[in-house]
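Numbering (this note's numbering), first residue to last: 5 to 98.
Ideal placement from N, C-alpha and C gives every residue a C-beta, glycine not left out.
Here is the structure we will look at, set down as structure tokens.
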Amino acid sequence: MQNDFLHLQIAMVFISKAYHKQSTRDESLGNAASHLEQALNLYAAKKPEDEDMTLFGIGGAYEILGDLSQNDSRKMINADSSVRLDQHLTSNCL
5 MQNDFLHLQI AMVFISKAYH KQSTRDESLG NAASHLEQAL NLYAAKKPED
55 EDMTLFGIGG AYEILGDLSQ NDSRKMINAD SSVRLDQHLT SNCL
């Protein structure tokens, strides 16, 4: 079972909720960030050697998360997650 993909999908539901429901936007974005963090951790634990679209999905979701955040978008993204995401994207694209 692809738990990283499951967490990515849950994060996308929270992102959609944040987009459509202003009153709970911050809470939804926080939940989305949490699930993206879990997805990235599970993805990293798999140590894939080939390109995997899940990683690009996680990166795209982080980008949307930043776009929707009314606060400082960098607060939503753990600095360690950002570095690991960059490392995975760089190593998979080379």
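| query | result |
| --- | --- |
| Pull up the distance between the alpha-carbon of ASN7 and that of ALA43, whole angstroms please. | 7 Å |
| DSSP state of GLU55, grouped into three classes? | coil |
| Using three-state DSSP, classify SER73 as helix, strand or coil. | coil |
| Could you spell out the range, first to last residue, of the alpha helix (DSSP H) harbouring ALA27? | Residue identity differs from the one stated: residue 27 is Ser in this sequence, not Ala. From DSSP, SER27 is part of no alpha helix (DSSP H); its letter is neither H nor E. |
| Between the alpha carbons of SER77 and GLU67, how many angstroms are there, rounded? | Because SER77 sits at a pLDDT of 48, beneath the cut-off of 50, its placement in the model cannot be relied upon, and the point is left open. |
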